[in-house]
Ligand SMILES: Cc1cc2nc3c(=O)[nH]c(=O)nc-3n(C[C@H](O)[C@H](O)[C@H](O)COP(=O)(O)OP(=O)(O)OC[C@H]3O[C@@H](n4cnc5c(N)ncnc54)[C@H](O)[C@@H]3O)c2cc1C
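Numbering (this note's numbering), first residue to last: 2 to 421.
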């Protein structure tokens with residue numbers, strides 16, 4: 002770490018002064034930090050947790066993110082980290098094979114979804130950023146509030162080891178996820194969009210002769226999504242919002258039975274779910290803010306828009322926000338306060354593709370999820386997904402959407418050893 006790189010304001014109460022203070026070390030915050038540091042911008046990343054480990058927080062890496070890593074010269078190293086490659090998605094009622102939705106048609110050097118633990122990926126990227134002395138990472142730094150001066154955000158107050166600390170920054174970026182405290186402190190309220198479902202995540206062993214891709218199964222008004230994690234299945238159990246207490250009341254045995262009802266092949270392993278502690282609840286939220294910025298402040302990633310889990314695009318969109326922010330901010334950050342128009346450019350670049358994707362997710366929920374949760378009739382995929390040519394659309398939409406934001410600033414304009 003290079004905390005000493007950030008000038009101290011006073012001797013008594015030593016707030017740190019930096020150029021860009023990023024709150025939240027998720028995919029959005031870490032990737033923005035990395036690109037800014039590589040361009041010589043003094044950057045301070047504050048992360049509330051003591052490490053990057055968070056189970057079931059989405060471990061999908063999409064083709065544009067791999068293409069970004071390639072641009073940063075990191076793709077080969079990322080591919081050396083433990084991961085699984087998934088290139089097909091099989092809809093409920095179909096078998097893996099020619100009916101699957103395949104990522105293999107994408108025109109990319111990485112035509113697949115890489116499944117990699119966020120802990121491993123974020124740890125790698127943060128270590129990479131730390132090679133640049135203008136980057137500082139402070140873990141267990143829980144940001145409490147923004148600091149305002151004349152209506153301008155000039156930094157944050159954070160709690161670490163039971164004490165309050167202050168950071169003064171030219172720009173503060175809220176990348177602190179769906180419950181963003183930065184957003185709340187700025188008085189920005191997200192608008193809630195469609196929800197209606199929740200998901201329970203758990204893991205069970207996967208046998209070597211089982212499907213290799215992502216698989217959906219639906220029966221008796223229940224939907225299961227299977228993600229291939231090598232020797233394990235990461236399984237999502239989708240159910241109507243608010244029904245978790247009812248499921249709990251019915252008991253874990255009834256839950257195990259309902260899994261077998263949907264996928265009989267699980268009968269030999271559901272006993273490994275001993276109790277509800279083996280299951281994590283994701284309360285599905287979909288929302289977005291209408292203002293991504295204030296003077297001295299920018300929101301990106303889930304802090305600006307929580308995505309529905311349909312299509313698993315949350316990380317992809319958080320990463321592209323980070324790229325858009327880097328594109329718009331690297332030059333202004335070299336020259337003092339960031340003009341509002343540079344912050345507005347980030348919203349302009351990313352708001353539209355985000356809105357379109359959220360609308361697509363809402364439509365997919367109606368066409369796929371609500372059909373699967375309807376126990377009165379057997380699930381049938383929408384007619385257009387039964388045509389081979391149309392099955393090429395979802396992988397392209399999930400990966401690239403209506404706009405893909407590419408890195409326009411240099412991948413690195415200062416060498417790792419040089420001072421900013
Ligand atoms: C259970 C679950 C499963 C998911 N599955 C998928 C999936 O399969 N594919 C996918 O693409 N997306 C998935 N998502 C969504 C995905 O995790 C998010 O869209 C993505 O991580 C957003 O990235 P982010 O960097 O904006 O925010 P986050 O990843 O939420 O990161 C925010 C960071 O800020 C930190 N933080 C929060 N408050 C503070 C504070 N006050 N001070 C300092 N730090 C703070 C948090 O500790 C966290 O590290 C899933 C989400 C959940 C909850």
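Glycine is no exception: its CB is placed at the ideal position from the N, C-alpha and C atoms.
- For residue 235, DSSP records a beta bridge to 204, 228.
- Its Cα nearest to that of residue 396, the residue 91 stands out among 233, 28, 91, 20.
- For the 9 Å CB-CB criterion, residue 323 and residue 29 form a contact.
- Note on geometry: alpha-carbon atoms of residue 391 and residue 18 lie some 53 Å from one another.
- A buried status is given to residue 314, since no fewer than 16 other beta-carbon atoms sit within 10 Å of its beta-carbon.
- Here the distance from the Cβ of residue 325 to the nearest heavy atom of ligand 1 is not below 8 Å.
- Shortest gap from the CB of residue 48 to any heavy atom of ligand 1: under 8 Å.
- DSSP places residue 407 outside both helix and strand once states are collapsed to three, so it counts as coil.
- A direct Cα-Cα distance of roughly 18 Å separates residue 114 from residue 358.
- Just measuring C-alpha positions, the residue of 339, 194, 260, 112 sitting nearest residue 280 is 260.
- Per the coordinates, the alpha-carbon of residue 276 lies some 40 Å from the alpha-carbon of residue 35.
- The C-alpha of residue 350 is placed about 9 Å away from the C-alpha of residue 405.
- Taking residue 270 as the centre and dropping the five residues before and after it, the same chain places the C-beta of 205, 206 closer than 6 Å to its C-beta, in chain order.
- Comparing C-alpha distances from residue 89 to each of 138, 107, 418 shows the shortest one belongs to 107.
- DSSP, reduced to helix, strand and coil, places residue 119 within a helical segment of the structure shown.
- In this chain, the beta strand (DSSP E) harbouring residue 159 covers 153 to 161.
- Checking the 8 Å criterion, the Cβ of residue 126 is out of range of every heavy atom belonging to ligand 1.
- Of 343, 255, 251, the smallest CA-CA separation from residue 294 is found for 343.
- The bridge partners DSSP lists for residue 294 are 299.
- Scanning 222, 268, 283, 111 for the CA closest to the CA of residue 254 turns up 268.
- Counting along the chain, residue 85 sits inside the beta strand (DSSP E) bounded by residues 85 to 87.
- In this structure residue 288 is in contact with residue 191, their Cβ atoms being roughly 4 Å apart against a cut-off of 8 Å.
- Under the DSSP assignment, residue 175 falls in the beta strand (DSSP E) whose first and last residues are 164 to 175.
- DSSP places residue 62 within a strand segment (E or B) once states are collapsed to three.
- In this structure residue 121 does not touch residue 300 by the C-beta definition: roughly 27 Å separates them, more than the 8 Å allowed.
- Residue 238 places its beta carbon less than 9 Å from that of residue 225.
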